[in-house]
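Undergrad:
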Amino acid sequence: LPRTIAQIGDPFKHFLKNIKANTITTGLASLDKALPITIGSNVGVVAAAGAGKTALALKILKHNSELGIPVLFASLDMASIRLFEKVLYNVKGLSRDDLYEKFEKGEGDELIEMVKTQYKNVYFYDKSGATIADIRAYIREIEQKDGVRIKLVLLDYFERIGSDISDATASSLKV
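For the sequence shown, the positions run 53 to 227 when our numbering is used.
1. For Y175, which of helix, strand or coil comes out of DSSP?
2. Which first and last residues belong to the alpha helix (DSSP H) in which S132 is found?
3. Select from R188, F136, P54, F64 the residue whose C-alpha is nearest the C-alpha of I164.
4. Please confirm whether L108 and V98 have their CB atoms less than 8 angstroms apart.
5. Is DSSP giving S127 helix, strand or coil here?
6. Would the region 193-207 count as touching the region 141-153 if we require 3 or more Cβ pairs under 8 angstroms?
7. Specify, as a first and last residue, the run of the beta strand (DSSP E) that L204 falls within.
8. Can you tell me which of the three DSSP states T75 falls into?
9. Span of the alpha helix (DSSP H) holding A81?
10. So does the region 139-146 actually touch the region 85-92, counting three or more Cβ pairs closer than 8 angstroms?
11. Across the region 79-86 and the region 158-177, are there enough close Cβ pairs to call them in contact, namely three or more that are closer than 8 angstroms?
12. Check the DSSP bridge columns for T90 and list the partner residues they point to.
13. My output table needs one value for T183: the three-state DSSP class, helix, strand or coil.
14. So is the beta-carbon of D178 under 7 angstroms away from any non-hydrogen atom of the ligand GDP?
15. Please identify the residue among K111, I112, K105, K144 whose C-alpha is closest to the C-alpha of D129.
16. CB I184 to CB Y177, shorter than 8 angstroms?
17. With a threshold of 7 angstroms on Cβ separation, who are the neighbours of V174 within its own chain once the five nearest residues in sequence on each side are excluded?
18. For I60, is the classification buried or exposed, using 16 other Cβ atoms within 10 angstroms of its Cβ as the cut-off for buried?
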């Protein structure tokens with residue numbers, strides 16, 4: 053329905069009245085203060101490979117999960133097992149060698165239990181060649197099946213989201 057800019061006033065008042073519920077926090081106070089993120093925001097983290105983008109995403113996921121907020125993490129470049137390894141590093145701060153040694157000694161179950169607790173509200177999506185429609189359908193499936201509302205979606209490797217357009221520039225614009 054067509055509407056004028058003036059007609060957005062009432063929805064805006066409702067949004068502000070519920071600003072806490074409409075705000076996503078990262079768990080990093082300085083970032084939350086400098087860059088308030090609200091429902092409907094699109095925020096990109098751009099950095100070189102290995103700079104810590106996935107590690108940052110995992111910290112944000114953990115923070116929101118521990119607040120009881122259902123979130124979706126779509127990893128479009130990493131197999132679920134490799135991502136789980138990164139999650140394990142995040143829960144205990146172990147190096148790769150220390151993590152592998154723990155599992156070799158049969159002490160890994162404690163770490164897996166920590167993941168289940170700290171990331172219990174994090175849903176995972178790892179279908180290759182995913183489109184926005186695929187991810188949206190997955191969110192609807194979660195919401196219907198579990199009766200939750202996904203409040204935050206983190207996409208790791210945004211460039212891998214597919215579309216029905218073969219030209220890379222046009223496809224990126226559509227996404």
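Note that beta-carbon positions come from the ideal geometry of N, C-alpha and C, so glycine has one too.
The structure displayed is predicted, hence computed values, not measured ones.
TA: For this structure:
1. strand
2. 132-144
3. F136
4. no
5. strand
6. no
7. 204-208
8. strand
9. 81-86
10. no
11. no
12. T75
13. strand
14. Inclusion of the ligand GDP in the displayed structure is not the case, the ligand content being empty and no account of it being possible.
15. K105
16. no
17. L113, S117, V123, F125
18. exposed
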